[in-house]
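The letter at position 57 of the sequence shown is residue 130 when you use my numbering, and the numbering goes up by one with no holes.
All residues carry an ideal CB built from backbone N, CA and C; glycine is no exception.
Comments concern the structure below.
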Amino acid sequence: MSEKSKNCFIKDCSAEPIVFCNCRSEQVFICKSHGILHCELEGKHHFSKIHIEIDKETRKATLKQLYKLKFDLQGYKSKIIQEELSLIKEIHSVAQKALKSLKAQNQQINEHISKVCNLKEIDNSKETTFIEALLKLSPKDLHKIQVIKSPELHINHISSDDIGQLFDLEEITNQNLKLDESEHLLKYIWHFSSTTLNVFDIKTLKEDKISLKMPNGETLDQYGAKCLIPDGSLFYSNGPITMIINPKHATKLLPNYSQENLNAWAIYKDGDVYLLGGSSNISAKFNLAKNRWTTLINMPINLANYTFGAIFKNNILLGSMSSDKILSYDLEIDSYSQISTPALSISTSKALFVENENVYLIEFSQHIFRSRDNLATWDNIGTSSILASNAPIISTPITYNHKVYFVNYYGIYSFDLKKKKIDNVIKLA
Numbered sequence: 074m075s076e077k078s079k080n081c082f083i084k085d086c087s088a089e090p091i092v093f094c095n096c097r098s099e100q101v102f103i104c105k106s107h108g109i110l111h112c113e114l115e116g117k118h119h120f121s122k123i124h125i126e127i128d129k130e131t132r133k134a135t136l137k138q139l140y141k142l143k144f145d146l147q148g149y150k151s152k153i154i155q156e157e158l159s160l161i162k163e164i165h166s167v168a169q170k171a172l173k174s175l176k177a178q179n180q181q182i183n184e185h186i187s188k189v190c191n192l193k194e195i196d197n198s199k200e201t202t203f204i205e206a207l208l209k210l211s212p213k214d215l216h217k218i219q220v221i222k223s224p225e226l227h228i229n230h231i232s233s234d235d236i237g238q239l240f241d242l243e244e245i246t247n248q249n250l251k252l253d254e255s256e257h258l259l260k261y262i263w264h265f266s267s268t269t270l271n272v273f274d275i276k277t278l279k280e281d282k283i284s285l286k287m288p289n290g291e292t293l294d295q296y297g298a299k300c301l302i303p304d305g306s307l308f309y310s311n312g313p314i315t316m317i318i319n320p321k322h323a324t325k326l327l328p329n330y331s332q333e334n335l336n337a338w339a340i341y342k343d344g345d346v347y348l349l350g351g352s353s354n355i356s357a358k359f360n361l362a363k364n365r366w367t368t369l370i371n372m373p374i375n376l377a378n379y380t381f382g383a384i385f386k387n388n389i390l391l392g393s394m395s396s397d398k399i400l401s402y403d404l405e406i407d408s409y410s411q412i413s414t415p416a417l418s419i420s421t422s423k424a425l426f427v428e429n430e431n432v433y434l435i436e437f438s439q440h441i442f443r444s445r446d447n448l449a450t451w452d453n454i455g456t457s458s459i460l461a462s463n464a465p466i467i468s469t470p471i472t473y474n475h476k477v478y479f480v481n482y483y484g485i486y487s488f489d490l491k492k493k494k495i496d497n498v499i500k501l502a
């Protein structure tokens, strides 16, 4: 009996199977509707595709039905829209995995993306060209592309063949794919000095000093709150000045929240910039579209001295140099809670960053911790003795090529996610 004549493993299911799994002593055949259900069963699943002859137009139409809920990366018009920068990062990550899979033509789809079944095997040459082009796109180019996403499927579960259907192939390949470095700061490490923006390309680590025309004769503080927003601009707020530095390095004043607040932490999320901690223990957000501040609930503890933070799921994790506590701010209900952490020192610089669902907590000059079990457990994975305990982080960590880059007064450092090691890549003082 041929593979196509087998029945789905679900009793009374008459649908034609499109994949089979070798998780039992005999092959288990699975239809399209029950693929995810089978993955939830116990066993080491290993999928193989059943070749089904479907013309390309039918396949494309079917995929468009599967990914029917559209949203715009730049417009934020739907409740399910994720943070734009995070989505761009996911798209690039999936594209890299897909390219690797396409080049290994005789290998089966790896287990991570096998939950979405392919409807037909096709020539991968166009998809390979497309993905190679996608990896060269700047965020400005990605803004022009309409992405299709289903609420039931996470983007990392899209197969290598299917990724090409998420975009208009001709639109992308006909664009100028050269990255315009003046258009955005996504690949930069930066810090301030008076009226100068010091920029380091994290790929080459070459420095570029950009003189800024500051409004009202103001100067920049390297410990001022700052973060990137989706159009590539830099949001800055410290003391008497709140402003945006656009991709062309022009400055624009914004309404200020507090004249006295210094050394807070800024984080962008879904159209708002959250300004948290600092010398006044501030808790507020600025809506970029409405050009308006909103006061948030007060912090339950003082995180006033050199605040730092990171986004984890739908929460902002926060700490400070002067506290041994880490807070979690729930974005949906405007509420703070304290999370369990390893014993931390007071008056020691620290840093947080999130990578692949893991939260990393670095206690300068001491330890590197990594969370698991949804922040319930922390493992000591290395030492941070290279970092001075009295030099707070002054730039949002940026990940590039398996390394996380961050800056303090003394230099630019990289944390190797594979080797669990911190290196000083550039000395600043």
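For S353 and Y347, the rounded distance between their alpha carbons: One alpha carbon belongs to Y347, the other to S353, and they sit about 15 Å apart.
Identity of the residue in R97, D397 and S106 nearest A377 by Cα: Closest by alpha carbon: D397.
Exposed unless 16 or more other CB atoms sit within 10 angstroms - verdict on H475: Exposed, because fewer than 16 other Cβ atoms sit within 10 Å of the Cβ of H475.
Buried or exposed (CB count within 10 angstroms, at least 16 for buried), K279: Exposed, since its Cβ has fewer than 16 Cβ neighbours within 10 Å.
For I466, the nearest candidate out of L114, W338, K286 and L301 (CA to CA): Out of L114, W338, K286 and L301, the CA that lies nearest to the CA of I466 is found in W338.
DSSP state of K260 mapped onto helix, strand, coil: Note on K260: pLDDT 48, under 50, position unreliable in the model; the coordinate value appears next. Under the three-state reduction of DSSP, K260 is assigned to coil, being neither helix nor strand.
Beta carbon of S408 nearer than 8 Å to that of L390: Taking 8 Å as the Cβ cut-off, S408 and L390 do not qualify as a contacting pair.
Assigned exposure category for N387 - 16 Cβ within 10 Å defines buried: Exposed.
C-alpha distance - G382 paired with S266, whole-angstrom precision: Here the alpha carbons of S266 and G382 stand approximately 22 Å from one another.
S151 - DSSP class collapsed to helix/strand/coil: Confidence in S151 is poor, its pLDDT being 46 and thus under 50, which makes the residue's placement too unreliable to answer from.
For G305, three-class secondary structure by DSSP: Here G305 sits in coil by DSSP.
Continuous beta strand (DSSP E) assignments of at least 3 residues falling wholly in the segment 371 to 434: Secondary structure in the segment 371 to 434: the beta strand (DSSP E) runs of 3 residues or longer, each lying completely within the stretch, are 380 to 385, 388 to 393, 399 to 403, 408 to 412 and 423 to 428 in chain order.
Straight-line Cα distance separating G484 from I459: Looking at the two C-alpha atoms, the distance is approximately 11 Å.
Whole-angstrom distance between D343 and I283, CA atom to CA atom: Roughly 29 Å between the two C-alpha positions.
Cβ-based burial, Q411 [other Cβ within 10 Å; buried from 16]: Taking every protein chain shown into account, the CB of Q411 has fewer than 16 other CB atoms within 10 angstroms, so this residue is exposed.
L110: first and last residue of the uninterrupted alpha helix (DSSP H) it sits in: Annotation: the continuous alpha helix (DSSP H) that includes L110 extends over G108 to C112.
Under 8 Å between C-beta atoms of P373 and A424: Their beta carbons are not under 8 Å apart, which means P373 does not touch A424 by this criterion.
Reduced DSSP secondary structure (H/G/I, E/B, other) of I317: Looking at I317 - three-state DSSP - the assignment turns out to be strand.
Stretch pair the segment 320 to 337 + the segment 285 to 301: three plus CB contacts closer than 8 Å: The segment 320 to 337 vs the segment 285 to 301: in contact.
Within 8 Å, strictly: CB atoms of E436 and S418: It is a contact, given that the beta carbons lie within the stated cut-off.
Exposure of H185, with buried meaning 16 or more beta-carbon neighbours within 10 Å: Because the pLDDT of H185 is 37, which lies under 50, any placement of that residue in the model is unreliable, and the number read from its coordinates should be weighed accordingly. Its Cβ having fewer than 16 others within 10 Å, H185 is exposed.
Where I467 sits in the DSSP three-state scheme: Reduced to three states, the DSSP call for I467 is coil.
Alpha carbon of H111 to alpha carbon of V432, nearest angstrom: Roughly 31 Å between the two C-alpha positions.
CA-to-CA distance, P288 to D452, given in whole angstroms: Within the model, the alpha-carbon separation for D452 versus P288 is close to 46 Å.
Proximal residues to N497 (C-beta, below 7 Å), its chain only, five neighbours per side dropped: Only residues of its own chain outside the window of five on either side were considered, and among them I459, G484 and Y486 have a CB closer than 7 Å to the CB of N497, listed in chain order.
Residue burial classification, P522 (beta-carbon count within 10 angstroms, cutoff 16): This structure leaves residue 522 out entirely; the chain is present only between 74 and 502.
Exposure of S331, with buried meaning 16 or more beta-carbon neighbours within 10 Å: Under this definition S331 is a buried residue.
Best match in T269, F308 and I340 for proximity to L326 [C-alpha to C-alpha]: For L326, the nearest C-alpha among the options comes from F308.
Identity of the residue in G312, P303, D274 and I275 nearest E291 by Cα: Considering only alpha carbons, the answer is G312.
T268: first and last residue of the uninterrupted beta strand (DSSP E) it sits in: Taken as a continuous stretch (DSSP letters only), T268 belongs to no beta strand (DSSP E), as it is neither H nor E.
CB contact flag (G455, K494, <8 Å): Yes, the Cβ-Cβ distance between G455 and K494 is below 8 Å.
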